[in-house]
Every structure is written in structure tokens, then in C-alpha cells.
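I have placed the structure first, in the form of C-alpha cells, so that the comments after it can refer back to it.
There are 2 protein chains.
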Amino acid sequence: MKELEDRIVQDGVAKAGNVLKVDAFLNHQCDVELFDHMGAEWARLFAGERIDKILTIEASGIGIACVAARHFGNVPVVFAKKAQSVNLDGEQYSTTIYSFTKKKEYPVIVCKRFLSASERVLIIDDFLANGCALEGLIEIVESAGAEVAGIGIAIEKGYQGGGDKLRERGYRVESLARISSMNDETGAITFA
Amino acid sequence: MKELEDRIVQDGVAKAGNVLKVDAFLNHQCDVELFDHMGAEWARLFAGERIDKILTIEASGIGIACVAARHFGNVPVVFAKKAQSVNLDGEQYSTTIYSFTKKKEYPVIVCKRFLSASERVLIIDDFLANGCALEGLIEIVESAGAEVAGIGIAIEKGYQGGGDKLRERGYRVESLARISSMNDETGAITFA
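Chain order of the listed sequences is A and B.
Residues are numbered in my numbering as their position in the first sequence, beginning at 1, plus a constant of 5.
Residues are numbered in my numbering as their position in the second sequence, beginning at 1, plus a constant of 5.
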């Protein structure tokens with residue numbers, strides 16, 4: 006998606022440690038008009054797929070998923086939680102994932118009553134690198150007996166391999182910007 | 006806002022410990038059509054106010070704020086973070102707030118470059134009870150030299166006093182549903 010690639014080049018910053026900072030428009034300050042265009046693009050890409058629900062994970066996925074849902078007939082958005090809380094009761098699907106960014110494991114939790122066996126679920130997230138978070142979300146969808154209808158990603162770091170691993174497993178992954186290389190010394194970002 | 010009150014009566018659950026569970030439509034599963042109507046209602050209430058930016062706090066505020074922003078000319082949404090991360094660099098506004106729900110203190114952080122002295126900021130959040138989270142957000146807006154144009158809340162627990170404290174300080178607080186009492190034994194929820 007050219008608009009997103011252009012925005013990454015304009016406002017994204019490649020940093021040491023393989024970090025791409027996009028906090029000016031994606032995951033701290035949010036450009037909701039861009040989110041709307043991203044939603045329209047996923048709707049175009051997944052046209053013809055029945056989507057009953059969108060699943061994402063807190064925190065940065067939530068705004069993108071909620072704005073995108075308006076392009077999928079206002080289907081409900083469920084966001085997985087990364088911690089237990091007094092507000093989480095009843096039976097839960099839960100798994101543990103490792104975050105390379107935060108260098109720690111954390112739980113991924115969805116209350117059972119928000120996923121049903123008959124549902125086709127579109128998973129949406131801001132980033133795909135190693136794919137650990139997505140593997141956790143897929144595991145939860147499939148534990149519910151529901152079906153992953155597709156995976157919509159804003160920015161895929163293609164060279165980290167998580168996306169291709171998921172595609173090899175048969176999932177349809179639609180990333181709106183696929184980065185093939187980043188250089189934190191020159192600031193260069195190239196797309197696949 | 007009658008639609009939100011009706012939804013709270015229909016799908017909300019008053020639980021022991023003064024907890025109102027609205028995870029079926031507000032803060033775990035998200036009804037984005039309801040969020041859209043909430044955004045339209047805040048836009049009606051704050052018509053005539055110049056709003057340059059919306060500020061919220063992760064995680065449950067993000068979806069509501071991003072959908073609502075579309076009724077405010079797609080102004081940027083900034084969400085305050087509740088933890089440090091490798092993605093947070095540069096100068097920050099930060100304060101500490103106490104969560105009665107989680108019974109612990111946590112930081113509230115916004116990168117300085119996402120708030121400017123000239124801006125009029127609408128603060129949006131899902132809940133207002135004691136008002137601690139909002140006081141943190143107000144402190145951050147005012148540290149930036151920006152102005153709080155208003156505060157838009159989905160559900161205010163009026164009897165906990167946080168909203169009235171903020172109104173006494175001169176802030177305009179528009180809560181779409183104001184609960185005057187809850188009874189976890191009968192399940193009764195009444196509105197102001």
C-alpha cells in the first residue's frame with residue numbers, strides 16, 4: 006500500500022537493534038485517516054471472505070482494528086489481553102508468547118464467550134516480525150474451533166521470516182507494507 | 006445517551022467490589038458501531054470547541070478514541086502508555102497514577118513531541134470512577150502547556166465522585182452514561 010510505505014519513509018525511523026519507530030502515526034500517535042485507508046485496503050484484499058469477527062491484541066492493534074472493522078460491516082473487534090485483571094473472569098483461552106521487543110514472556114488471554122466455533126476470524130495487528138504474537142492469536146482462534154479467515158498486518162519486517170513461516174502453514178497474510186531491509190546508520194528503509 | 010445506557014442494562018453486569026463488567030461491548034469485545042455513535046454524540050456535545058487532538062490511555066480507551074476521532078475531522082489520537090518500552094525514546098511527559106481496579110501504581114507516559122503548547126486537547130476514556138487516570142492525563146496536557154478542551158467519558162460511576170471533583174475544578178466532563186447506583190446482588194443499575 007503506497008500510502009503506508011510513503012508514510013514509513015517520511016515519518017518512520019530505523020533504529021539500532023532492528024527497531025522501526027512509527028510512533029508518529031501508528032502506535033503512540035495514531036493517524037486515524039490512514040487507519041481508515043488501511044481498513045479499506047484489507048476489505049479490498051479480503052473481499053469474498055466471510056469475516057465474522059476481528060481479533061487483535063492490546064495495545065497498538067486496537068485502534069487499527071476498530072477503525073478497520075467499519076469496512077467489514079462493523080463486525081465485533083475482540084482484543085486479546087496481555088495480563089490478568091479483576092475484569093477478566095469466566096473461562097479463558099490463554100497461551101504464552103515471547104516478545105523479542107520486550108525480551109520477556111507474557112500471557113495472551115481471550116474470554117471464551119467472545120470466540121465461537123462457527124466464526125471466521127480476521128486477525129489484525131500493527132507489526133509482524135518473528136510472528137510470535139500472531140502464533141499465539143492463531144492458537145487461541147483454533148482452540149475455540151473457529152477458523153482464521155486471514156491475517157491483516159500493517160508493517161511486516163519480511164526479513165525476520167515470521168510472515169513466510171505463517172504463509173507456509175497455509176495462512177493468508179496480507180501485509181500493507183513489507184520491509185525488506187532497514188539500515189539504522191543511513192536511515193534507509195526498502196520495501197519488498 | 007440512551008443507546009449506551011440501554012446497552013449497559015442489557016449486557017453489563019454489576020459485580021461484587023463495585024466492578025461493572027462491560028467486556029461484551031466496550032473493553033474486551035468492542036461494538037464499533039456503538040463507538041461510532043458515541044463519537045457522534047461527543048462531537049454534538051463539544052460542537053463549537055476547537056479540538057486539535059484527542060488524548061486517551063491504553064488499552065481500552067484506544068478503540069473508542071480512534072473511532073470517535075472521525076467525528077472530529079480525523080484529528081490525531083495520542084494514547085498514553087502505562088509502561089516504559091524500547092519504543093519509547095526521546096523526552097517524555099510522565100506521571101504516576103494509582104489504579105483502584107488493579108490496586109497498584111503505574112506510570113502514564115506521553116512523548117513530548119506529540120503534545121504542543123498551542124493545542125486544545127479532548128481527553129477520552131472508557132471509565133471515570135475516582136478520576137485518578139484522568140488527573141494524570143490532565144497533568145500531562147497541562148505540563149505541555151496545552152489546554153484541556155474537554156473530557157469525554159463513556160461510563161461515569163457518578164457515586165464515586167471523580168467526575169464531580171473534575172467539574173469543580175472547572176473541566177467540562179461529558180459522560181455518555183452516568184451510573185448513580187449499582188447492586189451486585191439484584192443486578193440493578195440505575196442512571197443519574
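The beta-carbon is built from N, C-alpha and C at its ideal position, and this holds for glycine as well.
**Request:** Kindly confirm or deny that the region 119-130 of chain B and the region 147-162 of chain B touch, where touching means at least three C-beta pairs closer than 8 Å.
**Result:** yes
**Asked** Would a C-beta distance cut-off of 8 Å place A/G167 and A/A134 closer than the cut-off?
**Response** yes
**Asked** Taking Cβ-Cβ distances shorter than 7 Å, what residues in chain B pair up with A/I67?
**Response** A64, I67, G68
**Message:** Would B/I62 and B/V113 be called neighbours here (beta carbons separated by less than 8 Å)?
**Reply:** yes
**Item:** Same chain only: Cβ atoms within 7 Å of A/I67, ignoring 5 sequence neighbours per side
**Value:** T61, F84
**Asked** chain B beta carbons: is any one of them nearer than 8 Å to that of A/R55?
**Response** no
**Prompt:** Mind checking if B/C71 is an interface residue toward chain A, Cβ cutoff 8 Å exclusive?
**Reply:** yes
**Message:** If you reduce the DSSP assignment to three classes, tell me which class A/M43 lands in.
**Reply:** helix
**Prompt:** Does the beta carbon of A/N79 sit closer than 8 Å to a beta carbon anywhere in chain B?
**Reply:** yes
**Message:** List, in chain order, every chain A residue whose beta-carbon is nearer than 7 Å to that of B/E38.
**Reply:** N79
**Prompt:** So which of A/T191, A/G163, A/L9, A/D28 has the shortest CA-CA distance to B/G95?
**Reply:** A/D28
**Prompt:** CA-CA distance, A/G175 and B/G141?
**Reply:** 46 Å
**Prompt:** Using a Cβ-Cβ distance under 8 Å, would B/N23 count as near chain A?
**Reply:** no
**Item:** Within chain A, the residues that B/V82 reaches when beta carbons sit closer than 8 Å
**Value:** Q34, C35, V37, G68
**Item:** Chain-ordered residues of the region 131-147 of chain A with a beta carbon less than 8 Å from chain B
**Value:** none
**Prompt:** Rounded C-beta distance between B/N92 and A/K117? I'm assuming under 8 Å.
**Reply:** In fact, because the Cβ distance is near 31 Å, the residues do not count as touching under 8 Å.
**Prompt:** Do you know how far the Cα of B/S65 is from the Cα of B/D131?
**Reply:** 7 Å
**Request:** Could you name each continuous beta strand (DSSP E) segment of 3 residues or more that falls completely within the region 14-65 of chain A, going from the start of the chain to the end?
**Result:** 18-20, 24-26, 58-62
**Asked** Would a check of beta-carbon distances place A/K26 closer than 8 Å to chain B?
**Response** yes
**Message:** Below 7 Å on C-beta distance, what does A/F105 contact in chain B?
**Reply:** Residues of chain B passing the Cβ test: none, with the nearest at roughly 10 Å.
**Message:** Taking its Cβ as the centre, do 16 or more other Cβ atoms sit within 10 Å of B/A19, making it buried, or is it exposed?
**Reply:** buried
**Prompt:** Would DSSP call A/D169 helix, strand or coil?
**Reply:** helix
**Asked** In the DSSP assignment, what are the bridge partners of B/Q97?
**Response** B/C116
**Message:** For B/Q34, count the other beta carbons within 10 Å of its own beta carbon; 16 or more makes it buried, fewer makes it exposed. Which is it?
**Reply:** buried
**Where A/E144 sits in the DSSP three-state scheme** = helix
**Request:** Pull up the CB-CB distance for A/R49 and A/F30, whole angstroms please, since I reckon it's below 8 Å.
**Result:** No, A/R49 and A/F30 are not in contact; Cβ-Cβ is about 21 Å, not under 8 Å.
**Message:** Check whether chain B comes within 8 Å of A/F196, counting only Cβ atoms and requiring the distance to be less than that.
**Reply:** no
**Message:** Is there a Cβ of chain A sitting closer than 8 Å to that of B/F119, yes or no?
**Reply:** yes
**Item:** Euclidean distance between Cα positions of B/S180 and B/I160
**Value:** 6 Å
**B/A151 beta carbon less than 8 Å from that of B/A122** = yes
**Message:** Using C-beta distances below 6 Å, list every residue in its chain close to B/K162, excluding the 5 sequence neighbours before and after it, in chain order.
**Reply:** A134, I184
**Prompt:** So which of B/E46, B/S99, B/A21, B/Y103 has the shortest CA-CA distance to B/H76?
**Reply:** B/E46
**Message:** According to DSSP, is B/Y164 part of a helix, a strand, or is it coil?
**Reply:** helix
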